[in-house]
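Down below is the structure, laid out as structure tokens.
Protein chains: 2
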Amino acid sequence: MTSDSTTPAAPTAGRIALVGIGPGSVQHMTQRARDAIAEADVVIGYVTYIKLVADLIEGKEIVRKSMTEELDRAVSALQAARQGKKVALISSGDAGVYGMAGPTFEVLFQAGWTPDDPVQVEIVPGASALNSCAARVGAPLTHDFCAISLSDLLTPWPTIARRLDAVAMADFVVALYNPKSGRRTRQIVEAQRLFLRHRRPDTPVAIVKSAYRRREHIVHTTLDRMADADIGMLSTVLIGNSHTFVRHGLMVTPRGYGNKYDMADGGGAIEGERPGRSLSTGLLGWLQNLHLEHAAGVDVHTLATRYGLPVDYIAATLQEPCTDTECQTSEETSA
Amino acid sequence: MTSDSTTPAAPTAGRIALVGIGPGSVQHMTQRARDAIAEADVVIGYVTYIKLVADLIEGKEIVRKSMTEELDRAVSALQAARQGKKVALISSGDAGVYGMAGPTFEVLFQAGWTPDDPVQVEIVPGASALNSCAARVGAPLTHDFCAISLSDLLTPWPTIARRLDAVAMADFVVALYNPKSGRRTRQIVEAQRLFLRHRRPDTPVAIVKSAYRRREHIVHTTLDRMADADIGMLSTVLIGNSHTFVRHGLMVTPRGYGNKYDMADGGGAIEGERPGRSLSTGLLGWLQNLHLEHAAGVDVHTLATRYGLPVDYIAATLQEPCTDTECQTSEETSA
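As given, the protein sequences belong to chains A and P, one line each in that order.
Numbering of the first sequence is given in this note's numbering, commencing with residue 1 and proceeding in unit increments.
Numbering of the second sequence is given in this note's numbering, commencing with residue 1001 and proceeding in unit increments.
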């Protein structure tokens, strides 16, 4: 590869579109994704993804690559674009989420490419596996969530394990990407072990294979039985937080309306809470309360333990007086 | 609201589509999202989202709700569907990510709805703000990431703070939703404080406002200056991990190819690593090494500190002998 970054744009300057095709059904692809593929001279992708867009690529030059040839895909894309071709480099889901966008920029930078290059690059976002899989099981992602890949082909295991431990403890909803393969079978067992240190065994888990594709398969299970389920390369594992529930086969994570509104009795605000305002346990109400507890003689270490937060964070927040108007407002309403 | 779940389906049974419209540009909406809006008799949504789909809803009944009337939107949707109407309840981004899918199921369950009800419910996934914002700044989400909402309108601050602390420590890329509003200005300062306990001050941060919309605005900054930036209700804050870099104005998180391949020298595998296989520091290689270190006299506490993992997790893994074929293979290749 050579850099042509100083050459003026040829009349037929090529370009690279990094296209997220969504779950794989054409219905769930964006218009821009369809257009970027339609405009392309060359379509490059993992063989499985190429099959998913078969209807859209007739007559085009197709470059099929295997699972591990991600850098090769990016190199091929740059070579074709340097020849003046329009390239669609396709990823399932979102091109930016464990997709081709990252490796492509790494290859482009290595080749001396800059954004001023005649070869222009566009990223076309799409629904990632976590969005598509969530849509098929209910509403598990209504609160804070994480995506973690269990693949250790490029990431050391201690890094992955630390992340699993941290988010299990902090009660995130978690989507596990690449949970298992023919060779990698113990990662999901270790993930389960790390989660069970912090979470209830009956925490809801949904395992979604091939969402919106012909062989879609959904299994509802629980954290303690998760590792025994049928999980493969095309599965995404969704683990709920401590409030996630399953009702009538739907997995739902509450947003927290129950913290503010009386859901069973007409939906009015509960005592001490106001619509459109922070909770009485929100930041300012909590700070106010923290100051009061500290003034009443509760020490910083006890407060840190009480709220599950670092001692020095509690100490730092206590050093800043809570005097602004909102804080006083918050004090009034929480009275 | 009464439950009609025992009534047979009327010839004009209504339905509810929870539609994620993506970032707001019609180009980045899925075909199914467009179709669900086109098929709808009634379109319900936050006023801003209704404006984003103005071209698609001419002649339809429109129900505009304010920001905090999420439960009202769900109640209105059910009422209209009970009258036999087709309802599109629209969310920006993905309907499942801090969107209307969760509140709607909560309201439906409260009203006695079940999946056997004549009123059918469909969730139409879309690119969430984190996907769209990432696409506009480069490839920040190529590795494990989290989404955290800084809104304390429904979530107590200690819950939010614990999550910020956990993911800052575990080196996730983080997308902050609802980072700041007219009333909520200190949350982003606290988030910065929690992050700076674990992350370098020069950690790349991108603040993306109104991605793909007319007033799109992108600011690249760093963690230590993040809270001083112009941040509002329509902003998403993307914080990189310890490997994220900015080059030529593009924010990129490496996937980890440098752990396995010599990126500067033709891309061949580096010594001890094999394409398509777990890293020598992957799970099985790491377990093998852990057993060797322990056998050589390193105690469990030292190993826990060395790898940043809980003592009892290290102890539990050491109790399971590492004897399967893959583990031996891994031993050979890492020699």
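Virtual Cβ for every residue (Gly too), placed ideally from N, Cα, C.
From a predicted model like this one, the values you see are computed outputs, not experimental measurements.
Going along the chain, which residues of its own chain have a beta-carbon closer than 7 angstroms to the beta-carbon of residue i, five neighbours each way excluded?
i: P:V1053; result: I1021, I1037 and I1090
i: A:R34; result: L56
i: P:D1072; result: K1065
i: A:T2; result: The pLDDT assigned to A:T2 is 45, lower than 50, so where the model puts this residue is not dependable, and the model offers no usable value.
i: A:L192; result: It should be pointed out that residue 192 of chain A corresponds to Gln in this sequence rather than to Leu. Within the same chain, A:Q192 has close Cβ partners L223, M226 and A227.
i: A:M233; result: S181
i: P:D1262; result: G1268 and I1270
Bridge partners of residue i, per DSSP?
i: A:E61; result: A:V42
i: P:Y1177; result: P:S1149
i: P:I1207; result: P:V1219 and P:V1237
i: P:S1091; result: P:G1020
i: P:R1336; result: Absent from the model: residue 1336 of chain P. The displayed extent of chain P is 1001 to 1335, so no value can be given.
i: A:K86; result: A:R15
i: A:E122; result: A:A17
i: P:G1138; result: P:M1251
i: A:T30; result: P:T1030
i: A:Y313; result: Its beta-bridge partners do not exist; DSSP assigns none.
i: P:Y1261; result: P:A1269
For residue i and residue j, what's the separation of their Cα atoms in angstroms?
i: A:V75; j: P:G1276; result: 18 angstroms
i: A:H291; j: A:T305; result: 16 angstroms
i: A:K60; j: P:D1230; result: 45 angstroms
i: P:V1167; j: P:G1024; result: 29 angstroms
i: P:P1158; j: P:V1189; result: 15 angstroms
i: A:M29; j: A:I218; result: 21 angstroms
i: A:V298; j: P:R1163; result: 24 angstroms
i: P:S1235; j: P:S1280; result: 41 angstroms
i: A:F172; j: P:I1148; result: 9 angstroms
i: P:S1132; j: P:H1294; result: 46 angstroms
i: P:T1317; j: A:F105; result: 38 angstroms
i: A:L283; j: P:P1156; result: 7 angstroms
i: P:A1315; j: P:K1051; result: 57 angstroms
i: P:I1044; j: P:E1058; result: 13 angstroms
i: A:H220; j: P:A1170; result: 28 angstroms
i: A:D41; j: P:V1042; result: 41 angstroms
i: A:G112; j: P:A1264; result: 12 angstroms
i: P:R1247; j: A:P115; result: 10 angstroms
i: P:Q1319; j: A:F245; result: 34 angstroms
CB of residue i to nearest heavy atom of the ligand NAD: below 8 angstroms?
i: P:L1223; result: Ligands displayed in this structure: none; no statement on the ligand NAD is therefore possible.
Excluding sequence positions up to five away, which residues of its chain have a Cβ less than 8 angstroms from the Cβ of residue i?
i: P:D1152; result: I1160, R1184 and Q1187
i: P:H1301; result: V1311
i: A:M67; result: Y46
i: P:V1026; result: R1034, V1053, D1055 and L1056
Beta-carbon within less than 6 angstroms of residue i's beta-carbon, same chain only, minus the 5 sequence neighbours each way: which residues are those?
i: A:I239; result: V174 and V205
i: P:I1094; result: Per the sequence shown, the amino acid found at residue 1094 of chain P is Asp instead of Ile. G1020, P1125, G1126 and S1128, listed in sequence order.
i: P:R1215; result: none
i: P:Y1049; result: I1090 and S1092
i: P:P1254; result: H1243
i: A:A139; result: V252
i: P:V1237; result: L1176, P1179 and I1207
i: A:E326; result: Low confidence applies here, because A:E326 scores a pLDDT of 47, under 50, leaving its location unreliable and the question unanswered by this model.
i: P:C1322; result: L1287, Q1288 and H1291
i: A:A211; result: P23, S132, C133 and R136
Given a cut-off of 9 angstroms on the beta-carbon distance, is the pair residue i and residue j in contact?
i: A:A197; j: P:Y1098; result: Sequence check: residue 197 of chain A is Arg here, not Ala. No, Cβ-Cβ distance for A:R197 and P:Y1098 is not below 9 angstroms.
i: A:V137; j: A:M251; result: yes
i: P:A1088; j: P:I1123; result: no
i: A:D165; j: P:L1309; result: yes
i: A:Q288; j: P:Q1031; result: no
i: P:P1103; j: A:T142; result: yes
i: A:Y257; j: P:L1150; result: no
i: A:L130; j: A:V107; result: no
Is it buried or exposed for residue i, if we count other Cβ within 10 angstroms and need 16 for buried?
i: A:S242; result: exposed
i: A:R200; result: exposed
i: A:T12; result: exposed
i: A:R270; result: As written in the sequence, residue 270 of chain A is Ile, which differs from the Arg given in the question. So A:I270 ends up on the exposed side.
i: P:K1086; result: buried
i: A:D117; result: buried
i: A:E273; result: buried
i: A:D144; result: buried
i: A:E39; result: exposed
i: A:G249; result: exposed
i: P:A1134; result: buried
i: A:A296; result: exposed
i: A:G268; result: exposed
Would you say residue i reaches chain B, if we count a Cβ-Cβ gap shorter than 9 angstroms as a contact?
i: A:L223; result: Absent from the structure is chain B; the protein chains it does hold are A and P.
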